[in-house]
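Here the structure is laid out as structure tokens; the discussion comes afterwards.
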Amino acid sequence: MSDKIGKTNRPIPDDWRIDSLKSVSLNGAKNGFFKKPELVGSGYKLVNVSELYQSFGIDTRVESVERVAATPADLAKYGVEKGDVFFTRSSLVLSGIAACNIVRQLWEPTLFECHVMKMSPDTSKMFPEFVAYCCRDSYSRRYLMAQAKQTTMTTISQPEIEQLPIPVAPLPEQKKIARILTTLDNLIEKTEALIAKYQAIKQGMMHDLFTRGVDSSGQLRPTQQQAPDLYKQSELGWIPKEWDEDTLGSICKWMSGGTPSKSNESYWTGAIPWVSPKDMKVFEISDSEDHISEEAARVGTRRVPAGTVLIVIRGMILAHSFPVAITTRDVTFNQDMKALSFDDTETARFVAHWFVTHKAKMVALATASSHGTKRFDLADVYSIPIGMPTKEERERIVERIDVLDSKQKAEDRYLSKLRTQKSGLMQDLLTGIVRVKVDEAEEFVANV
12 MSDKIGKTNR PIPDDWRIDS LKSVSLNGAK NGFFKKPELV GSGYKLVNVS
62 ELYQSFGIDT RVESVERVAA TPADLAKYGV EKGDVFFTRS SLVLSGIAAC
112 NIVRQLWEPT LFECHVMKMS PDTSKMFPEF VAYCCRDSYS RRYLMAQAKQ
162 TTMTTISQPE IEQLPIPVAP LPEQKKIARI LTTLDNLIEK TEALIAKYQA
212 IKQGMMHDLF TRGVDSSGQL RPTQQQAPDL YKQSELGWIP KEWDEDTLGS
262 ICKWMSGGTP SKSNESYWTG AIPWVSPKDM KVFEISDSED HISEEAARVG
312 TRRVPAGTVL IVIRGMILAH SFPVAITTRD VTFNQDMKAL SFDDTETARF
362 VAHWFVTHKA KMVALATASS HGTKRFDLAD VYSIPIGMPT KEERERIVER
412 IDVLDSKQKA EDRYLSKLRT QKSGLMQDLL TGIVRVKVDE AEEFVANV
């Protein structure tokens, strides 16, 4: 059996049914509290649009959740209860409309804001977490986006939210499905927190590595204040005595790229990666969106080997970011980039990591061309000073960074696996394609 009435084409088992979201809620959709700017800062907690885009389950304990000086009468009218499900009313993009989340636990009196709609599931019929998961799955997302109105903003009305078709499974089954998905969500949240921790550790560690370095015993040097005899004054400030003061222009060979003729279709049918700024989203780059032929690589651009550092030197992306990557195979690249060639991979990785650490400095150096595009004056870039440790110390610094990166990559892969598992389980469990077994004890508890 499938949902033909609601037109979501959601398959469901014969012992399930499809109802509208309004019919399984207590009072339909409600709009929230209008917050005046002067009221923000103290008082009751306030569920805003931003909370709806977070991980499953709104945690009002976190500091990012605003407070608003509302009255007890406001709280009575716009108050939040445990199990309430929320939707965004508007979005700049279609994919953001009717984003859904749930308050699974209420820690203190809380209101919800006027750009958010609230639905309170009827717990005699529905388990709130099950409702929230259904509202977030692919069937509901497609339905809700189809109902939205698109002008300057994408919007959706209360009646359109209320008519969302929702599968109604036996209550014990709803609870077990929600528990399975919540377990996965908890794992996802913990993994995301661990990745964030690694990123924070790396940020602090990178600063220390590029100012203090790693001594022959494998330890960070004491700071200059702790051991002034280990440092010398330079244009960079205090640097370890063993380091040389160089410039970016003097430590490597700089190369320009190019674009093979677009009119020659045979140039764009090969297997050689042709890297442009849009591909510079990863630190280690092995492929690109566009590929070219051997002939195109010879006549229309430049080919560089693995271990080459690539940076963007022209484009609007330089207004807010400074993309840098190191190649893991032979690639070609376009004229909006530069390739930096080094004598050894360790030095290339050292400089690539140095660029990452100094991204803010590079963004500040970019200037606007006559037609508005951001670019670097290469003379300015070449003259940037850089502290260069001995080859052995560069290797020790790179090793430290790579060890932490490898841990983060492992967690990134695990996170991707969890998200894939969750997506598959939502598809299977929320359609009843895969049924969960509910024992007698669970059924008794569900109906209490």
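Just so you know, we're using my numbering here: the sequence shown kicks off at 12 and counts up by one.
No residue lacks a Cβ here, since even glycine has one placed at the ideal position from N, Cα and C.
This structure is a prediction, so every number in the text was calculated from the model and none was measured.
- In the structure shown, Tyr64 falls within a coil segment according to DSSP collapsed to helix, strand and coil.
- Between Ala81 and Ile172, the C-beta spacing is not below 8 Å.
- Within the region 26-61, the complete beta strand (DSSP E) segments of 3 residues or longer fall at 28-31, 51-58, listed in chain order.
- For Ala421, the enclosing alpha helix (DSSP H) begins and ends at 402-440.
- Taken in chain order, the whole beta strand (DSSP E) runs of length 3 or more contained in the region 304-368 are 313-315, 320-323, 335-338, 342-344, 348-352.
- Across the structure, Thr339 and Arg407 are spaced so that their CA atoms are roughly 20 Å apart.
- Rounded to whole angstroms, Cys145 and Glu184 show a C-alpha spacing of 13 Å.
- Collapsing the DSSP output to three states places Met217 in a helix.
- Under the criterion of beta carbons closer than 8 Å, Leu220 and Ile412 qualify as touching, at roughly 7 Å.
- DSSP places Lys252 in the coil class of the three-state scheme, outside both helix and strand.
- In this structure Ile69 is in contact with Ile113, their Cβ atoms being roughly 7 Å apart against a cut-off of 8 Å.
- If you ignore the 5 residues before and after Glu306, its C-beta comes within less than 6 Å of no other C-beta in its own chain.
- CA-to-CA, the gap between Cys125 and Ala308 works out to about 57 Å.
- Within the region 114-197, the runs of beta strand (DSSP E) at least 3 residues long that lie entirely inside it are, in chain order, 121-123, 127-130, 176-179.
- Per DSSP, Lys273 is not a residue of any alpha helix (DSSP H), being assigned neither H nor E.
- Taking a C-beta distance under 8 Å as the contact criterion, Phe333 and Cys263 do not qualify as a contact pair.
- When secondary structure is reduced to three states using DSSP, Glu74 falls in the coil class, being assigned neither helix nor strand.
- The three-state secondary structure of Val374, taken from DSSP, is helix.
- With a threshold of 16 other beta carbon atoms within 10 Å, Leu329 meets it and is buried.
- Under DSSP, Val91 takes part in no beta bridge, so it has no partner.
- The three-state reading of DSSP puts Gly383 in coil, since its state is none of H, G, I, E or B.
- If you compare the alpha carbons of Ala238, Lys385, Asp196, Ile324 with that of Leu436, the shortest gap goes to Asp196.
- With a 10 Å radius around the Cβ and a threshold of 16 neighbouring Cβ atoms, Trp365 comes out buried.
- Cβ-Cβ distances below 6 Å link Thr431 to nothing in the same chain once the five nearest sequence neighbours on each side are left out.
- CA-CA distance, Lys273 to Trp279, rounds to 8 Å.
- Shown here, Pro22 sits in a strand according to DSSP, grouped into three states.
- Boundaries of the alpha helix (DSSP H) around Val392: 389-393.
- Residue burial annotation: Val286 is buried, with at least 16 other C-beta atoms found within 10 angstroms of its C-beta.
- Looking at the DSSP output, Gly398 sits in a beta bridge with Glu256.
- Sequence-distant partners of Gln116 (beyond 5 residues in either direction) whose C-beta falls short of 7 Å from its own C-beta, in its chain, are Lys93.
- Distance from Arg78 to Leu57 at the Cβ level is roughly 7 Å; contact confirmed, criterion being Cβ atoms closer than 8 Å.
- Close CB contacts of Arg28 within its chain, under the 7 Å cut and outside five residues either way in sequence, are with Val179 (chain order).
- Taking a cut-off of 8 Å on C-beta distances, the region 381-396 does not touch the region 198-218, as fewer than three cross pairs fall below it.
- Minimum Cα-Cα distance from Gln235 among the listed residues Lys252, Val374, Lys433, Arg153 corresponds to Lys252.
- Secondary structure of Gln244 (DSSP, three-state): strand.
- Scanning its chain for C-beta atoms nearer than 7 Å, with the 5 sequence neighbours on each side dropped, one finds around Gln158 the residues Ile167, Glu171, in chain order.
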